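In the numbering used here, the protein residues as written are 58 to 676.
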Amino acid sequence: MVLASSERKNGVWIPGMPESKDNESKAPTLDEILGLFRESNTYFGPFHRQCSEEEDYYLGRRSVPAPEGIDPVWPATAGAIINVGTDHVDINNLQIDVPSGPRAKARAERLKRFYQGVWSSIKEPVLRTATRQAFLYGIGWLKVMFDADRWPNSPILEDFKDEAAYKEALNDFMEDRDLAFPFVVSVVNPRNLIWDDSRNRVKWCIEFTQRNVREIQRRYPEWTTRKDATSISQWIEYWDEEWVAYIADDEFVYGPHRHGYGFNPYTPISPVHSFTFSDGPPQDRYRGILRDVHSLLDEEARMVTQLSAIIRTTAYRTLDFAGPRAQAEEAAETYEIFGGKNVIPPGVDVRPSPMVQVPPDLFQQLNIIQTLIEQATFPNVIRGVRPRGVSSGFGISVLAGMGRLVFQGVADGVRHSLEQVNTKFAKLVEFKIRGRVTVHARTDVHNYDQSIGPDDIKGYYENIVQIKAEAPEEREREALLAMRLHSAGIISLYEAQRRSGITNPLEEQMQLRAELLMNNEQFMQAQTQLLIDQVGLAQQMSEVVGGPNQMPGNVGSMNLGGAQLPRVGEAATQQQNAMNQADPAVFPQGMSGIDRLGAQLGGPTGGPVNVPSGQRLGG
């Protein structure tokens, strides 16, 4: 691997990046990685300091000028702006679609369920944290990794006494592997990251942080250092599209090795509002929502501190004792403000300290500052505060909807990022795992137990993610509108379900069809007949009455269409022959055990019913 030479564009230095030569990639050397790290760290230094400054505003760590004895007050305005913005990006209701042609509908449905299941199975607040970073820093980062430690170790034939024991252990291994999900999605703070800033794609990234020496040695015992175990070392991770290397204190700890991912595991979340300039250094191109209101937040803190100081002075008024010094001091020591009787010596006058009035201009100026903050971020109506001069619910709803447009830029950035991460999931299965991976996930409505393998992908990575910045009441109104449009024949049932927030409309349609089938009278009769055959009830009743010709007439009424019950031993044969005459039916997930007769009765034309899950009956 060679490093491209650095260049300047419009006076801005752009660090060199790893490039392949003659389609032959060589492992990066230690000097190349460290040189790239030092140069790029200088380039990204102002942006990293900017990130630290944004954190100070968000966490309220800014200093507020105040006289001695006055406690400074930092309003929670900055934190509220970031948190409210994050809450309005609806990451809990992701809608993922995999477009495909008619022949690949089932495969697309499996991929969609897999992607949906992955994000439903992630318990850590990964997306929420990354979204908060996008609001705060102007960019967030997701990191996709394959964690082999989450899978059990495969058995080795030599460790078992015979082939049967090995096969049993192998079956246990496959079951355990099916229950474990080997992919990890984590959040990386942009303050600890430098990356390929060439604007094409992120070809390489370097993540750096501080790690304990004992922690490094526990993970990598081959690494040696003269430092004490309790000391801190600088940790560097280098990743590009082919190579990975870990470095501690300027020495290789791991690698460089080919990781086999087929991609760089780091994925940026770039909100629309972060691209203030199409060109320039990172500190100009990645700007959080607080960046333009720093001075206003500082001014708000100063004015709130002043107001607090005035109010506290007024609330705790003092008493002034005027008169001869000795008598005044004696009266001050014995005087009780609350309750009791006070004896005032002659010549001593007791009067309260002067009342301090809050200047009206202070409230007016504070209101102006807060209005300017709203204009630069989003209005308070988003938080449920009724604006002045607006009384109707419709007017408030319109203003709130307009205010939420500010959040849509971040929602679009998260959406594009998740589409890239889904593609990386597929590539890990196709290039790294090279086998099937199963995800198990549950929601309040859906069950996402889905396996995919390389045959399900075959280089097809297209997926569409929908994320909206809206309130729950807006989603309800959209669902009602979708129902009306479907009832009027304007949109299809599939589209109406999708607009209503149903993640898998096809699966839901199959479930509806299954419920209709279960309530079908003919189907219920067929199931009753099947139960009779399975428990041998027909044979028992025949023996009681003296043969098949003497069966009670009411038993014959339970079969389909009044047909005669089959003779003993013929039911299984007839069922098998019927199943051999045509392809096995396909039915919704969770309906295994329903025979072909039920599928035929429930189908629109009496034939098999296609279902995305691909689950088959019988056979």
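We put the CB at the ideal spot given by N, CA and C, even for glycine. Every value quoted in this text rests on a predicted model; they were computed, and no experiment measured them.
The way I'd put it, the region 239–247 does touch the region 197–212; three or more beta-carbon pairs between them come closer than 8 Å. When the five nearest sequence neighbours on each side are left out, the beta carbons in the same chain lying within less than 7 Å of the beta carbon of Pro122 are those of Arg359, in order along the chain. For the pair Leu151 and Trp176, the CB atoms are nearer than the 8 Å cut-off. Under the three-pair Cβ rule at 8 Å, the region 180–196 counts as touching the region 340–358.
In the displayed model, Ser544 falls within a helix according to three-state DSSP. Rounded to the nearest whole angstrom, the C-alpha separation of Ala536 and Thr371 is 55 Å. With a 10 Å radius around the Cβ and a threshold of 16 neighbouring Cβ atoms, Tyr373 comes out exposed.
Secondary structure at His473: helix, using DSSP grouped into helix, strand and coil.
According to DSSP, residue pairing for Ser290 in a beta bridge involves Arg268.
Take Arg207, set aside five residues on each side of it, and the residues of its chain with a beta-carbon closer than 8 Å to its own are Ala237, Phe238, Pro239, Val241, in chain order. Taking each of Lys525, Gln586, Tyr323, Asp113 in turn and checking the Cα distance to Val259, the smallest one comes out for Tyr323. Collapsing the DSSP output to three states places Val183 in a helix. For Trp280, the CB contacts under 8 Å within the same chain, skipping 5 residues up- and downstream, are Ile273, Gln274, Ala305, Glu308, Val310 in chain order.
Closest in alpha carbon position to Leu485, among Arg499, Gln554, Tyr318, is Tyr318. Annotation note: the region 362–447 contains the following uninterrupted alpha helix (DSSP H) runs of length 4 or greater, listed N- to C-terminal: 382–391, 417–433. The beta carbon of Lys284 sits closer than 7 Å to the beta carbons of Val270, Ser290 from its chain, once the five residues preceding and following it are set aside; these are given in chain order. In the DSSP assignment, His105 falls within the alpha helix (DSSP H) that extends over 87–116. Boundaries of the alpha helix (DSSP H) around Phe171: 162–178. A contact between stretches requires three or more CB pairs, one per stretch, nearer than 8 Å, and the region 178–192 meets this requirement with the region 468–475. Bridge pairing for Asp506: His497 [DSSP].
Spanning the alpha carbons of Asn249 and Val496 requires a straight line of approximately 31 Å. With a beta-carbon spacing of about 5 Å, Phe378 and Ala389 fall inside the 8 Å limit used to define contacts.
With fewer than 16 other Cβ atoms inside 10 Å of its own Cβ, Met412 counts as exposed. Under the three-state reduction of DSSP output, Ala237 falls in the coil class, being neither helix nor strand. Cβ contact annotation for Asn321 (same chain, cutoff 7 Å, sequence separation greater than five): Val259, Lys260, Trp261, Cys262, Trp296, Asp297, Glu298, in chain order.
Of Pro338, Glu386, Ile326, Gln427, the smallest CA-CA separation from Gly466 is found for Ile326. Between the C-alpha atoms of Gly404 and Thr375 there is a straight-line separation of about 20 Å. In the DSSP assignment, Arg315 forms a beta bridge with Trp300. Around the beta carbon of Leu462, fewer than 16 other beta carbons sit within 10 angstroms, so the residue counts as exposed. In this chain, the beta strand (DSSP E) harbouring Pro325 covers 323–326. Distances from the alpha-carbon of Leu353 to those of Ser157, Gln432, Pro409 put Gln432 closest. Short of 8 Å from the beta carbon of Glu111, and not among the five residues preceding or following it, lie these beta carbons of its own chain, in chain order: Leu193, Tyr194, Gly345, Leu347, Arg348. Just measuring C-alpha positions, the residue of Tyr100, Gly102, Ala137 sitting nearest Tyr115 is Ala137.
The shortest C-alpha to C-alpha distance from Gly492 to any of Pro124, Tyr518, Pro511, Glu565 is the one to Pro511.
Within the same chain, and ignoring the five residues on either side of Leu538 in sequence, no residue has its Cβ closer than 6 Å to its Cβ. Nearest in C-alpha terms to Asp253, of all of Tyr100, Gly158, Ile368, is Tyr100.
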